[in-house]
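Line by line, the protein sequences are chains A and B.
Per this note's numbering, the very first residue in the first sequence carries number 1; after that it's consecutive.
Per this note's numbering, the very first residue in the second sequence carries number 1001; after that it's consecutive.
Ideal placement from N, C-alpha and C gives every residue a C-beta, glycine not left out.
Since this is a predicted model, take the numbers as computed values, not measurements.
Everything on this sheet refers to the single structure shown next.
2 protein chains.
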Amino acid sequence: MNSVKRKRLERAGWVVGDTTEFLQLSEEEARFLELKLALANGVRELRERRGLTQAVLAERLGSSQSRVAKMEAGDRSVSLDLMMRSLLTIGATATEIAKWIKRAETDRAA
Amino acid sequence: MNSVKRKRLERAGWVVGDTTEFLQLSEEEARFLELKLALANGVRELRERRGLTQAVLAERLGSSQSRVAKMEAGDRSVSLDLMMRSLLTIGATATEIAKWIKRAETDRAA
DNA sequence: TGCAACTATGTCTAATATGACATAATTCGT
DNA sequence: ACGAATTATGTCATATTAGACATAGTTGCA
């Protein structure tokens, strides 16, 4: 895992520590984290592609701008449920979602 | 949506009602529900394929048998997060997860 | 540069998901 | 049909996630 990604995770409230400590995260935990980040990226990408602001998406979700921001940042306090609901609300197809999930796998070593 | 599936959803705590009412669920809500059910099925299928009991999986997750049961039943009280963690714990690949998600799309009209 | 729109971050209380436990129901081998 | 193992369901208290709000930071364009 590169330092850019580690920084991002730490800002998002994850306890990642240095490389050695990170490796002590269980394999599943690390994969789960990657998955969340991949979907977070998906939300942002799709939202921007649709030309929506965070505030507009939040309104459609019945949520708030700050929650959307945290979601896209991969914040610890945001559930996968909200991410999925967001993707569906924006109009992502199952195929697109599947694509982002596969990307998480690809990104593992990065 | 057929009545078998509707029954299952109702037992799991979802307020689905008859066909007419169901159609009043927002499009995203319906898709979200399908997605959860598809992943619930994925958990069960993969767990059984691995020859694990709910109790054993629960222990590996640091959870409890009852929660795994509810999860596989698509219970309203179970998050996608726990489902994903379960799939990863059982050793699902991103490709497999993606497959189940696509199946949700296919199952939409069923 | 200034300013308007957008995004990020922190922190509340309320809502929801959690593991645990008890116990009922089911399944399956003998 | 019996019993042992497994799965289902209901309910707690506790923990986590929720939307809301305030406000700080960023971006881009006039």
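The continuous stretches of alpha helix (DSSP H) do not include B:Thr1053, and DSSP gives it neither H nor E.
B:Val1015 sits in coil when the DSSP states are folded into three classes, being neither helix nor strand.
Listed along chain B, the residues sitting closer than 8 Å to A:Ser79 by beta-carbon distance are Ser1079, Leu1080 and Asp1081. Nearest Cα to A:Ile90 within the set A:Glu45, A:Ala12 and A:Arg67: A:Glu45. Under a criterion of Cβ atoms nearer than 8 Å, the residues of chain A adjacent to B:Glu1105 are, in order, Thr93, Ala94 and Thr95. The C-alpha of A:Lys99 is placed about 17 Å away from the C-alpha of B:Arg1031. Not a single CB atom of chain B sits nearer than 9 Å to the CB of A:Glu45.
Spanning the alpha carbons of B:Gly1062 and B:Ser1086 requires a straight line of approximately 10 Å. Listed in chain order, the non-local C-beta contacts of A:Gly13 below 8 Å within the same chain comprise Asp75, Arg76 and Ser77, local neighbours out to five positions each way being set aside.
For A:Arg103, same chain residues with a beta-carbon under 6 Å away, outside a window of 5 residues either side, are Ala38 in chain order. With respect to chain B, the C-beta atom of A:Glu28 has a partner C-beta closer than 9 Å. Taking a beta-carbon distance threshold of 9 Å, B:Lys1005 does not count as an interface residue toward chain A. When rounded, the separation of the alpha-carbon atoms in A:Arg11 and B:Glu1105 is 35 Å. Residue ranges of uninterrupted alpha helix (DSSP H) with 4 or more members, entirely inside the segment 1084–1109 of chain B and ordered along the chain, are 1094–1107. For A:Arg67, the uninterrupted alpha helix (DSSP H) run begins and ends at Gln65 to Glu72, by DSSP. The residues Glu1034 and Ala1038, in chain order, have a CB closer than 7 Å to that of B:Asp1107 in the same chain once the five nearest residues on each side in sequence are set aside.
Close to A:Lys70, with beta-carbon spacing below 8 Å, lies no residue of chain B; the smallest spacing is near 15 Å. Among the residues facing chain A, B:Leu1057 is not included, as its CB has no counterpart in that chain under 9 Å away.
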